[in-house]
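Below: one structure, written as structure tokens.
6 protein chains.
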Amino acid sequence: MRAIDIQTGFTKHAEGSVLISFGDTRVLVTASVEEKVPPFLRGKGEGWVTAEYSMLPRATHTRGSREAAKGKQSGRTQEIQRLIGRSLRAVVDMKKLGERQIVLDCDVLQADGGTRTASISGAWVALRLAVDKLMAEGKIKEDPITGRVAAISCGICQGTPVLDLDYIEDSAADADANFVLIEGGKIAEAQATAEGATYDEEGLLRLLRLARIGCDSIFAAQAKAVGR
Amino acid sequence: MRAIDIQTGFTKHAEGSVLISFGDTRVLVTASVEEKVPPFLRGKGEGWVTAEYSMLPRATHTRGSREAAKGKQSGRTQEIQRLIGRSLRAVVDMKKLGERQIVLDCDVLQADGGTRTASISGAWVALRLAVDKLMAEGKIKEDPITGRVAAISCGICQGTPVLDLDYIEDSAADADANFVLIEGGKIAEAQATAEGATYDEEGLLRLLRLARIGCDSIFAAQAKAVGR
Amino acid sequence: MRAIDIQTGFTKHAEGSVLISFGDTRVLVTASVEEKVPPFLRGKGEGWVTAEYSMLPRATHTRGSREAAKGKQSGRTQEIQRLIGRSLRAVVDMKKLGERQIVLDCDVLQADGGTRTASISGAWVALRLAVDKLMAEGKIKEDPITGRVAAISCGICQGTPVLDLDYIEDSAADADANFVLIEGGKIAEAQATAEGATYDEEGLLRLLRLARIGCDSIFAAQAKAVGR
Amino acid sequence: MRAIDIQTGFTKHAEGSVLISFGDTRVLVTASVEEKVPPFLRGKGEGWVTAEYSMLPRATHTRGSREAAKGKQSGRTQEIQRLIGRSLRAVVDMKKLGERQIVLDCDVLQADGGTRTASISGAWVALRLAVDKLMAEGKIKEDPITGRVAAISCGICQGTPVLDLDYIEDSAADADANFVLIEGGKIAEAQATAEGATYDEEGLLRLLRLARIGCDSIFAAQAKAVGR
Amino acid sequence: MRAIDIQTGFTKHAEGSVLISFGDTRVLVTASVEEKVPPFLRGKGEGWVTAEYSMLPRATHTRGSREAAKGKQSGRTQEIQRLIGRSLRAVVDMKKLGERQIVLDCDVLQADGGTRTASISGAWVALRLAVDKLMAEGKIKEDPITGRVAAISCGICQGTPVLDLDYIEDSAADADANFVLIEGGKIAEAQATAEGATYDEEGLLRLLRLARIGCDSIFAAQAKAVGR
Amino acid sequence: MRAIDIQTGFTKHAEGSVLISFGDTRVLVTASVEEKVPPFLRGKGEGWVTAEYSMLPRATHTRGSREAAKGKQSGRTQEIQRLIGRSLRAVVDMKKLGERQIVLDCDVLQADGGTRTASISGAWVALRLAVDKLMAEGKIKEDPITGRVAAISCGICQGTPVLDLDYIEDSAADADANFVLIEGGKIAEAQATAEGATYDEEGLLRLLRLARIGCDSIFAAQAKAVGR
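Protein sequence lines correspond, in order, to chains E, A, F, P, X and S.
Take 2 as the starting number for the first sequence in my numbering and just add one per residue.
Take 2 as the starting number for the second sequence in my numbering and just add one per residue.
Take 2 as the starting number for the third sequence in my numbering and just add one per residue.
Take 2 as the starting number for the fourth sequence in my numbering and just add one per residue.
Take 2 as the starting number for the fifth sequence in my numbering and just add one per residue.
Take 2 as the starting number for the sixth sequence in my numbering and just add one per residue.
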């Protein structure tokens, strides 16, 4: 597993801000608190947590075109940002959050595999910081965050399970999985895709167990970053 | 598990055409053969299989807005069509297919849960029919399809695992999973999402085993539909 | 003239649902009742009837690109859906409908000429069913539908007038007309376009008279479909 | 019928340029010759004639939003520009035009009813001027224009047929028709729509005969404008 | 400097309407009064002045594609319309205007260099006419217009400063500047861009002094056009 | 003037990469070399330099919406990226660059006024690094960069000229100018806009002289960053 680094307060305006690195993958995550909710929640006394994801055009080996210039987000981008939002919502009690929205912006400054898992893991820290701020200001009485959430990729490369794949490993993997785990053992989301080869039940379990090991390291890094 | 029905030849123009029903969910799938490939494959002697997905505006309980009128496909639509394409590619040998593309259009006429799994299961039949036609015409020498692929949803509703969730069950499920399985036991894709509650390793395995039972029924229905 | 078939209740969610066939042309039409009106009608106590039209990508001989994927509706699509809406509004008393909107979605499952005329003819049945439902529920007191409306194409092929052109006839026609007629003899809309050759007043009248014959068959089929 | 005025050479860059007025309706039409054809015609030795239509935002009583700012053309705009193109193509021999395209841009500077009919009538003059220029330069040997085409609106207002409706008459009309006629008596396109009331065969014929009278005046104005 | 011509009342619907010519450059400017303001100003008792700019496709030597058809405005278009709006707002007291918006539509009918400066200079006249109308109707008590604003381009061609560049001069210029000046000597906006060669402080001053001469002519033409 | 900091090699994939800070404004600039040119330059043996600009949604005090999600770039974004590209091209000899393109991506991580001037100043360093790499690889023989370019904002706040305005100063400024200067004294671009008050010739000169002082500091920082 690659070195994990979480630097809080990377930018000054956001209610929560984190630069998270999984090896050479670096994602800037900000949490923005908005005192309004999406239309389908108005007047219900509940909050919402959502995410947006983007890669800078030259985060990758060769420059990709800018989505804002093309005028639309790719399917990959939308799939990832939906996953990030869902993962964070799995550990938030929306009633305790109150009628406000927290938007997690995950912008990949440099990519080397695992950008979605770094985004989820960093987003939890940014969210934690933003909620701490809301609680310190007295806007929220009870902590709406029910636990930690982290994510890690793992795959099978030439028959061997590998944790936290970098770009080269990811390109060569026969199976590619992303697990979003909640501290304590529960699964928030499991996605495992066969690439070259398919895998079986045993393979899925081995990947899941590997992911648990990886997430434990991330939970520790998250705890250190938020100071508890 | 709901009744599965596969009606081949539902429309006349497509190289393969299927109306598949999982209970009240009905999807029209057509396979279109195009003698060209996407730019990234040109001149490599390999083929491609891709999919597009859409719901008719009134396939659902209340009318949804038409994506063509809004001018963009939702994240959900893109996520699903990417999954369908990936699932079918898991059982196709692109070299044997030759430099041509097969597009699987999955249009949901009526929705009652499981539209993506019905789409994948029906798309395999449409693909099989289109490839049979190409082989009968002598355009393909060796069968590029390496096996059957089917998909089924399953979930945990009030603690009980349920197979092939309809809309009401899906809305109430604590966890919602979709498995794409290959005949013989391998997994092409597993996606399991916690909704209200999260789940653990044991829960994931129970869902997977349930999915195997469901997919066996689908494999049988596919075999009957294509006559072998 | 080709065989006309109208199958009601083809899908279960919509307030009115019809699968109409003109020969090999098959269109699924649903009528959706919405208890709101477009902004320009709000608070006026009047209703609205509108239509959307689309062809499934492989409804035709060769696959067309999906409008939702391209991000815009073609001029042809917009022209047709405007015509369908206008045709239906010609037989609806908007005051009696009350402040609600009925949307007619016409999705062409298979195309072989005459998709817009089949859409209009089928949309009347779907509208009739939806209004019957509103009346049965007591939401509407007086019937807002003032008569039947049907549409048929006709053209001049090598000097001979032809009714209800299929795709091959349509491609070869020197003139191509669509008439939207109201039971009893009135014209809601007439559109006649010269293709290869132009036509004269006599030609226009012959086409119109032919259209009357065709619409009489459709009125009969509509009556049978709605049971009166 | 309102006064018709055709001013040629209104702008200097276009191969053909016309400011046409039907009463207070004023449309600037330019014909641009491009030495290329749309993809579907490449290499066939045939030309193409097409049209684009737009209203300036404040051509009308109240300002409409600019289509370029909204990011899409309305259905009405697309319907009209398709009609203009079709009407002009009815009098052009594409083989004689040779592999080039003429684009007719119809921009409404001021609107008072009849903008599409003024556009078609003016576009013929701009096209004639552009073709004359191509012939004078020796790029075209034989005249590809087979005749004159003109268009006029007519309607039934309170039972009385009216020719060339202005905005107020158009708003009040029970039926609204547009005829595109070719000098000599043939019809290129007829479109008649019932608004408040429907109309019958006799009404359609009366409108057509009225349109003939109007188009004769336009043909005379076109002849004078192009000097023959 | 090229001949300046300002023709008021060119179209009849707009509250202010001007056809302004700088040589062969001709721009139709309309001022539309709307009794509402953009969201960020609602309820503040202040007005707003904004502009939209467009070139007709064949205003130029070769036909450009229509922005409405392409579905977006170019960067150049947006840059120019932002400049026009800013320039006009420099001479309007928004409190005196009251909670209403004036939209200046600048549509270039023919282009020969200087379309943005002609647009600004003409827009002031259209704005003046629209405000005069509001004052005559008693809707505005005190004149919100604090002075005249005009704009002119100038450049350095082969070492020689040139005023009001036409298209050929503009293409050949080493430096290209646009000045927006307020009668009495103040500068609203200065933009000077090096093209082939760069320029120095002395060059900038010479261009500015030249612009003053040009704007004095425009101020005189504006005064004549509005009758004072 | 605020502290300037230029950190090279901030990301690893790009041919040139810089994190530039003007006080709290921080922009990540990457230079990407592409061995192709835009269509209008193909086959001419000349290169091109262009730029794209974006602000991360939470670079600012309150979160702005993501342009990729909205589906279009704002006028402000387009105006700025056009300015950056123009400024860099002022110091590049396109023949010496050869038929390749360098794209400068300027992504604002944190904004506190002066994002466009920091972008230009940082883009020169990223460009220099990318060109150095091309020269070291022997792909370019002669240095195509003809000099240094830097940019700084300045304004008049309550009568006092201020250099390198931060967000609060910028909001309060009566006039707001951006100067793009070339080492040695020439001006590449000058843009000065009156906000509350207008300014005169003397004011413009004072701003320009102030800008010279600021750019001298930036030139020194650029020299230090690239090691010469």
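Beta carbons: idealized from backbone N, C-alpha and C, even for Gly.
If you pair each beta-carbon of the segment 157-168 of chain P with each one of the segment 188-208 of chain P, do three or more pairs fall below 8 Å? yes
Going by beta-carbon coordinates alone, are I146/P and V93/P separated by less than 8 Å? yes
Using a threshold of 8 Å, state whether the C-beta atoms of G86/P and D167/P are closer than that. no
Cβ-based contacts, 7 Å cut-off: residues of the segment 97-131 of chain P near chain F: none
So, helix, strand or coil for D167/A, using DSSP? coil
Where does P40/A land, buried or exposed, given buried means 16+ other C-beta within 10 angstroms? exposed
Beta carbons nearer than 7 Å to chain F: which residues of the segment 70-87 of chain P have them? K73, G76, Q79, E80, R83 and R87
Verify the CB distance criterion: does K187/S have a CB-CB separation below 8 Å to chain X? yes
Give the DSSP-derived three-state secondary structure of G215/A in the structure shown. helix
Any C-beta of chain E sitting closer than 8 Å to the C-beta of R3/S? no
Should E190/A be labelled buried (16 or more other beta-carbon atoms within 10 Å of its own) or exposed? buried
Taking any Cβ of chain A, which residues in the segment 204-229 of chain E have a Cβ under 9 Å from it, in chain order? G204, L205, L206, L209, R210 and R213
Which residues in chain X have a C-beta closer than 8 Å to the C-beta of D25/P? List them in chain order. K13
Beta-ladder partner(s) of M56/E, from DSSP: V109/E
For a contact meaning CB atoms closer than 7 Å, what does T31/P contact in chain X? R59
Take the Cβ of D108/S as the centre, count every other Cβ of all protein chains shown within 10 Å, and call the residue buried at 16 or more, exposed below. buried
Partner residues on chain X for R173/S, Cβ-Cβ distance less than 7 Å: In the sequence on display, residue 173/S carries Ala and not Arg. What A173/S touches in chain X: nothing, since even the nearest Cβ is about 17 Å away.
From K225/A to S66/F, what does the alpha carbon distance come to, in whole angstroms? 32 Å
Here's the rule I'm using: 16 or more other beta-carbon atoms within 10 Å means buried, otherwise exposed. How should D201/X be labelled? exposed
C-beta contact flag for G185/S and G156/S at 8 Å: no
Taking just the CA atoms, how far does A152/E sit from A178/E? 10 Å
Between S22/P and E80/F, what straight-line distance do the alpha-carbon atoms span, to the nearest angstrom? 26 Å
According to the Cβ coordinates, are E32/S and I103/S closer than 8 Å? It is Ala, not Glu, that sits at residue 32/S in the sequence shown. Their beta carbons are under 8 Å apart, which means A32/S touches I103/S by this criterion.
Segments of 4+ residues assigned as alpha helix (DSSP H) that fall wholly inside the segment 29-75 of chain X: 68-71
Report all residues from its chain with a CB closer than 8 Å to the CB of W125/E; omit the five preceding and five following residues, and keep chain order. L89, V92, R149, V150, A151 and Q223
Measure the C-alpha to C-alpha separation of G123/A and A52/A and round it to an integer number of angstroms. 12 Å
Whether Y54/E touches Q82/E by CB criterion (8 Å): yes
Got a sec, what are the start and stop residues for the alpha helix (DSSP H) D177/S sits in? D177/S -> not in any alpha helix (DSSP H); beta strand (DSSP E) instead, spanning A176 to I183.
For K73/A and M56/E, what's the separation of their Cα atoms in angstroms? 21 Å
Please go through the same chain and pick out, in chain order, the residues whose beta-carbon is closer than 6 Å to the beta-carbon of E36/P, but skip the five residues on each side of it. R101
Assuming the contact rule is C-beta atoms closer than 8 Å, R59/E and H14/S should be a hit. Round their C-beta distance to whole Å, please. 6 Å
Quick one: grab the DSSP three-state call for R27/P. strand
Identify every run of the beta strand (DSSP E) within the segment 117-170 of chain S, keeping only runs that are complete inside it and at least 3 residues long; order them along the chain. 150-158 and 161-164
Just the chain X side, please: which residues come within less than 7 Å of E68/P by C-beta, in chain order? A69
Which stretch, first to last residue, makes up the beta strand (DSSP E) that contains D6/E? I5 to T9
According to DSSP, simplified to helix, strand and coil, what is E196/E? coil
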